[in-house]
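Residue numbers (the working numbering), protein chains in the order written: chain A, 45 to 362; chain B, 232 to 313.
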């Protein structure tokens, strides 16, 4: 429902950057509302195992980390609204946010909408979505016990989720367009499964088409290696080929880079005074959960300065 | 009126946790079918939803009519509970 109250801060998103910012603002009694259209925790929440977030000697599941971040923010009074922000308007001392729950008003806004897994854009991808084409291993991997899988991608997510999927699949073909870009640690872990015959890595292999049967389930993937068409028989395809910014509602309002990530200055402020950005959505972000949390903390301190009336003129955006 | 709600989930599914959290906030009771613990019920989940994905939420009304909501999709879940 629409809210005529002017909140101190509205945070768009509820991933690690957003929840960290909320922990900081609410601990200082700054009235804070978060909007989340998807899953609290963002992409971190659907990641099987996180081993590079400080403070967890044995690692932590993405779901557990997200739940702890949410509880911590709510403990200090953060309120999470489950809805979508569709537009932002600068009304001088306040910002007006159009949302699926009506208009919300805030003295300052933090954009922390993160990113989403990129699509391949090849024939068959859309047609067989959730009938063999997937973007969330922790959600859908359980449907592939003792079945063959293809995973597409060569970065950290692709390798991490390939390792996760080995607990279900009988064999995985990992199709990598160029070379593996995942961290050395992950590549080392992957090698154990390659040596055990559970995973075959196909470097320099493009993914061209996904084919299904007359029941609309995936049966094979067509790829190209060394100029030759190659078929990979499979029961399912998991795609992890990079990230797209969740910038739909502000890409025509705030200055963004040519991909759609929002530009900020040294204060993490965007081209609209009083609107800040942190985490994966920010141009130049390192796409790490730890750095997203750090940016969330920094943004909260800058929000406080802005709310206290200290001048924060928008600097050069980068 | 809602007669019962069944959610098909897995141990690691964040979107399943979101559905449960939403139903908890609205004080709805529900049964959970964990497909990691009951893989024999995967075929039932597929038959209900037509999709190889979770969460699948089945809302049964007093007149035994059923609504099936795939994913964490409040735009469909809220009317199904209405």
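All C-beta atoms in this analysis are idealised placements derived from N, C-alpha and C, irrespective of residue type, glycine included.
Closest residue to residue i among the options (Cα-Cα distance)
i	options	result
residue 299 of chain B	B/306, B/293 and B/311	B/311
residue 104 of chain A	A/197, A/341, A/302 and A/334	A/334
residue 251 of chain A	A/131, A/321, A/165 and A/226	A/165
residue 303 of chain A	A/332, A/162 and A/216	A/162
residue 74 of chain A	A/357, A/362, A/346 and A/358	A/346
residue 115 of chain A	B/286, B/281 and B/252	B/252
residue 313 of chain B	B/291, B/302, B/301 and B/264	B/291
residue 194 of chain A	A/160, A/245, A/72 and A/318	A/245
residue 256 of chain B	A/77, A/126 and A/326	A/126
residue 146 of chain A	A/106, A/111, A/137 and A/128	A/128
residue 291 of chain A	A/274, A/269 and A/325	A/325
residue 139 of chain A	A/319, A/130, A/328 and A/249	A/319
residue 235 of chain B	B/303, B/262, B/270 and B/273	B/262
residue 343 of chain A	A/227, A/330 and A/53	A/53
residue 323 of chain A	A/159, A/110, A/301 and A/124	A/159
residue 268 of chain B	A/198, A/143, A/189 and A/284	A/189
residue 273 of chain A	A/265, A/279 and A/67	A/265
residue 187 of chain B	B/241, B/288 and B/301	This structure gives no information on residue 187 of chain B, because the portion of chain B shown stretches from 232 to 313.
residue 306 of chain B	A/281, A/255, A/81 and A/253	A/81
residue 150 of chain A	A/135, A/235 and A/222	A/135
residue 197 of chain A	A/226, A/214 and A/177	A/226
Neighbour list for residue i in chain A, Cβ cutoff strictly below 9 Å
i	result
residue 285 of chain B	183, 184, 186 and 187
residue 273 of chain B	186, 187 and 189
Neighbour flag for residue i against chain A, beta carbons, 8 Å
i	result
residue 248 of chain B	yes
residue 255 of chain B	no
residue 243 of chain B	yes
residue 298 of chain B	no
residue 282 of chain B	yes
residue 303 of chain B	yes
residue 308 of chain B	no
Chain C contact for residue i (CB, 8 Å cutoff)
i	result
residue 176 of chain A	Absent from the structure: chain C. Protein chains present are A and B.
Neighbouring residues, chain A, relative to residue i (Cβ below 8 Å)
i	result
residue 270 of chain B	186 and 189
residue 279 of chain B	The premise fails here: residue 279 of chain B is roughly 13 Å from chain A at the closest Cβ pair, so nothing lies under 8 Å.
Within-8 Å CB hit, residue i to chain B
i	result
residue 227 of chain A	no
residue 126 of chain A	yes
Opening and closing residue of the alpha helix (DSSP H) in which residue i lies
i	result
residue 174 of chain B	There is no way to answer for residue 174 of chain B, as the model of chain B reaches only from 232 to 313.
residue 350 of chain A	333 to 351
residue 51 of chain A	Note, residue 51 of chain A: premise wrong, no alpha helix (DSSP H); beta strand (DSSP E) at 50 to 56.
residue 151 of chain A	Element bounds for residue 151 of chain A: not the alpha helix (DSSP H) but the beta strand (DSSP E), 146 to 155.
residue 269 of chain B	Taken as a continuous stretch (DSSP letters only), residue 269 of chain B belongs to no alpha helix (DSSP H), as it is neither H nor E.
residue 357 of chain A	Run containing residue 357 of chain A: none; DSSP gives neither H nor E here.
residue 190 of chain A	It is not in any alpha helix (DSSP H) - residue 190 of chain A carries neither H nor E in the DSSP assignment.
Span of the beta strand (DSSP E) around residue i
i	result
residue 267 of chain A	262 to 269
residue 216 of chain A	215 to 219
residue 287 of chain A	287 to 289
Proximal chain A residues relative to residue i, where beta-carbon distance stays under 7 Å
i	result
residue 295 of chain B	Correct list: empty, because the minimum Cβ distance to chain A is about 26 Å.
residue 266 of chain B	186
Practice problem: Give, in chain order, every residue of the segment 73 to 103 of chain A whose Cβ lies closer than 8 Å to some Cβ of chain B. | Solution: So the close ones are 82, 83, 84, 85, 89, 90 and 92.
Quiz item: Just by C-beta distance, which residues in the segment 135 to 169 of chain A are closer than 8 Å to chain B?
Solution: So nothing in the stretch comes that close.
Quiz item: Which of the residues in the segment 101 to 120 of chain A, read from start to end, lie with their CB under 8 Å from any CB of chain B?
Solution: If the cut-off is 8 Å between Cβ atoms, the segment 101 to 120 of chain A has 105, 106, 107, 110 and 111 near chain B.
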